[in-house]
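**Student:** Numbering (this note's numbering), first residue to last: 186 to 366.
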Amino acid sequence: MNSRFVPFVLSLFLAAAGLAQNAEVKKPLISSDLGGRELGFLIKANEHGVLMLYLAELAKTRSAAKAVQALGDLLASTQGEENSRLVQLASSKGMSFKAETPAALKKLQTRIDSLTGEAFDKACVGEIVLLAREAVGNYESGAKSKDAEIRAFAEQGLQLAKDKQKIAQKVAGAGEAAAAP
186 MNSRFVPFVL
196 SLFLAAAGLA
206 QNAEVKKPLI
216 SSDLGGRELG
226 FLIKANEHGV
236 LMLYLAELAK
246 TRSAAKAVQA
256 LGDLLASTQG
266 EENSRLVQLA
276 SSKGMSFKAE
286 TPAALKKLQT
296 RIDSLTGEAF
306 DKACVGEIVL
316 LAREAVGNYE
326 SGAKSKDAEI
336 RAFAEQGLQL
346 AKDKQKIAQK
356 VAGAGEAAAA
366 P
């Protein structure tokens, strides 16, 4: 081979290698055969799980009310397992969740972190009730999935979300009754 062509061939090779590297970097964040309903369900379920675990830990550690602490204990014990199962399901579908703080968590922190005492308890339980309601709606959507594994997970999660909502509503109602004159 002519020595003048070696740098040219080498530069073509390096350019091709550079293009291949760039192509790898530009892979989509989520690669999956799942439809929009399934992807939306998994993403929302993950966000709800992160928020519920945050609220559960807050209720356990910052509340002075025994009922709110007990609610936090209950939610924390079930939410960790639910989150693990969700991550496993998503992984089996070729999906992973970014390790970042959801924007909804930042907004929640802004609303609740500065509160103390009874105001904190009321706001924390109120947020748990609202989040449980949203989770019920998301699980209802997931239960309509064409994917059998996602549908089964959503059907199981739906009952758990309904139970969380009922318990949180009872705690909220008990708190309001105790605060009434």
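Glycine included, every Cβ here is placed at the ideal spot set by N, Cα and C.
These numbers were taken from a predicted model, which means no experiment stands behind them.
1) Got a sec, what are the start and stop residues for the alpha helix (DSSP H) Ser248 sits in?
2) Using a Cβ-Cβ cut-off of 7 Å (strictly less than) and excluding sequence neighbours within five positions of Phe226, which residues of its own chain qualify?
3) So, for Leu238: in the same chain, excluding its five sequence neighbours on each side, which residues have a beta-carbon less than 6 Å away from its beta-carbon?
4) Please classify Glu223 as buried or exposed, where buried requires at least 16 neighbouring CB atoms within 10 angstroms.
5) Mind listing, in chain order, the continuous alpha helix (DSSP H) runs of no fewer than 4 residues lying wholly within the stretch 260-336?
6) Is Gly257 helix, strand or coil by DSSP?
7) According to DSSP, is Gly358 part of a helix, a strand, or is it coil?
8) With the cut-off set at 8 Å, would you say Leu260 and Ala241 are in Cβ contact?
9) Out of curiosity, what's the CA-to-CA distance linking Glu319 and Gln350?
10) Grouping DSSP H, G and I as helix and E and B as strand, with all else coil, what is Gly225?
11) Among Phe282, Ser277, Ala357, which one has its Cα closest to the Cα of Val314?
12) What would DSSP say about Gly342, mapped onto helix, strand or coil?
13) In angstroms, rounded to a whole number, what distance separates the CA positions of Gly257 and Leu343?
14) Check Gly234 in the structure and name its three-state DSSP category.
**Tutor:** In terms of the structure at hand:
1) Premise fails: Ser248 is in no alpha helix (DSSP H) and is neither H nor E.
2) Asn323, Ser326, Gly327, Ser330, Ile335, Ala339
3) Gln264
4) buried
5) 288-297, 302-327
6) helix
7) helix
8) yes
9) So the alpha carbons of these two residues sit roughly 10 Å apart.
10) In this structure, Gly225 counts as helix in the three-state DSSP scheme.
11) Ala357
12) helix
13) 19 Å
14) helix
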